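Residue numbers (the working numbering): 30 to 490.
We put the CB at the ideal spot given by N, CA and C, even for glycine.
Keep in mind that this is a model prediction, so the values were computed, not measured.
Written out below as structure tokens is the structure these notes cover.
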């Protein structure tokens, strides 16, 4: 999509990849993914949408244009790297299949279970390959075949030879793939991991890990900070890369150093913006919306407003997780095969009071499924993004920011009624040790119910 940035009698400047949802809204970077790149990602288990859409968080067209140039250049580098000869996941995956087809494991010959038999099988493969190269090179007699052998074989064959000969150098993309493979990440988690590695590869490319230098990594970190990324986000992304590389070095028993260790992020934490709570007017408007309708959106918001739970924790509830007829009505928030939790400390029981109790009762009556909100949770998994988007649309229409603000507001409400920090952490899922371990489950529920009921009348500024 083209948009005119400057139009004079002499020349006209237009911007590509710019888009607005509304004529008075913020600008977005909207660009179609190359089909070849989508296919390469599909082979890694990542199903990309047709378009990449990124909010530029500005209504100023000039500022938007500057950000679009940076994003477009980064995408050009990433897509070109993925599609042109770099040993990406797809290339290595095909190389592993090629090795397996020869009856070998993806190991150097001297580490195969039967080295002699493996060497014989590999000799047959390489002999066939050499004969093919000789046939193809006869039309280029001026070429030094020994020096230019790689020019006549595919990236897949080259990578297979490097692995079996023990010459393969693990790339940063190998660390990323290993990190994703060893974890049960949802789509959001995979995308976050991809973003972490792009902080490095957008600037330095996907290279053998041992080829990165600490000074270069520092340059990539500085570039991320200069682009406007918060220090906390940079620190988190570099931490993901560091952990992934450390795991690969350990699991593959590599004798290389981790160039991503012990990097200091300049000004780390100094740019943190403390999130505010909703004020009393906003809370009143939101409660009016919840009480006036019994829709999945209103009921999810109702359960968020008086539990302080996360969006995924409510949207992914099973009917059996809602103990409405117990002496103290409550939710059981726990991981299940279709919905993971953010941390192990997130497992907890939270009493239902106020609009959370009303919303839970309505949702139970209306759901004919094992899932409390079947529109967003099914046997195929949780549609967390869809649930979040539906609630965000409602909260923003009421000038109430995003659903996640309800979580910060609950913490403020509990502090305003002098709730002990242990109970605040237990309710929000931040506790490392459950209150129930000290007082017993029923007493803990009673204590939490008491402070939650007090918070219903807490006044917010």
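In terms of alpha-carbon separation, which member of the options lies closest to residue i?
| i | options | result |
| --- | --- | --- |
| residue 347 | 307, 399, 381 and 312 | 399 |
| residue 362 | 350, 186, 164 and 489 | 350 |
| residue 193 | 138, 246 and 90 | 138 |
| residue 408 | 312, 157 and 345 | 345 |
| residue 376 | 383, 61 and 360 | 360 |
| residue 338 | 392, 292, 440 and 66 | 440 |
| residue 476 | 230, 379 and 422 | 379 |
| residue 243 | 311, 79, 288 and 155 | 288 |
| residue 341 | 324, 352, 364 and 358 | 364 |
| residue 77 | 68, 85 and 83 | 68 |
| residue 5 | 227, 478 and 423 | With the chain covering only 30 through 490, there is no way to say anything about residue 5. |
| residue 95 | 273, 108, 57 and 127 | 57 |
| residue 334 | 295, 442 and 50 | 442 |
| residue 273 | 250, 62, 89 and 206 | 206 |
| residue 85 | 71, 211, 46 and 63 | 46 |
| residue 422 | 200, 203, 318 and 75 | 318 |
| residue 470 | 459, 481, 455 and 482 | 455 |
| residue 412 | 397, 227 and 343 | 343 |
Would you identify the three-state DSSP class for residue i, choosing helix, strand or coil?
| i | result |
| --- | --- |
| residue 459 | coil |
| residue 285 | coil |
| residue 95 | helix |
| residue 359 | strand |
| residue 444 | helix |
| residue 352 | strand |
| residue 144 | helix |
| residue 84 | strand |
| residue 373 | Residue placement at residue 373 is poorly supported in this model, since its pLDDT is 49, which falls under 50; the coordinates still yield a value, given next. In the structure shown, residue 373 sits in a helix (DSSP, three-state: H, G or I). |
| residue 339 | coil |
| residue 378 | strand |
| residue 138 | helix |
| residue 481 | helix |
| residue 410 | strand |
| residue 114 | Because the pLDDT of residue 114 is 47, which lies under 50, any placement of that residue in the model is unreliable, and the number read from its coordinates should be weighed accordingly. In this structure, residue 114 counts as coil in the three-state DSSP scheme. |
| residue 489 | coil |
| residue 346 | coil |
Please look up how many angstroms separate the CB atoms of residue i and residue j, rounded, as I've assumed it's under 8 Å.
| i | j | result |
| --- | --- | --- |
| residue 276 | residue 208 | 6 Å |
| residue 451 | residue 309 | In fact, because the Cβ distance is near 27 Å, the residues do not count as touching under 8 Å. |
| residue 198 | residue 239 | 6 Å |
| residue 248 | residue 232 | 7 Å |
| residue 403 | residue 381 | With a Cβ gap of about 20 Å, residue 403 and residue 381 do not count as contacting. |
| residue 90 | residue 55 | So it is not a contact: roughly 11 Å between Cβ atoms. |
Could you give the first and the last residue of the continuous alpha helix (DSSP H) run that contains residue i?
| i | result |
| --- | --- |
| residue 334 | 325-334 |
| residue 75 | That residue, residue 75, is in no alpha helix (DSSP H); it is neither H nor E in DSSP. |
| residue 10 | Past the boundaries of the shown model lies residue 10; the chain is included only from 30 to 490, so the question cannot be answered. |
| residue 61 | Where residue 61 is concerned, there is no enclosing alpha helix (DSSP H), although the beta strand (DSSP E) it sits in stretches over 56-61. |
| residue 255 | 243-255 |
| residue 277 | 260-280 |
| residue 295 | Looking at the DSSP string, residue 295 is not in any alpha helix (DSSP H), and its letter there is neither H nor E. |
| residue 417 | 413-426 |
Check for me: the beta strand (DSSP E) holding residue i runs from which residue to which?
| i | result |
| --- | --- |
| residue 397 | Neither: residue 397 is in no beta strand (DSSP E) and is coded neither H nor E. |
| residue 47 | 47-49 |
Residue ranges of each alpha helix (DSSP H) within the region 152-228, 4 or longer: Listed in chain order, they are 184-193 and 201-210.
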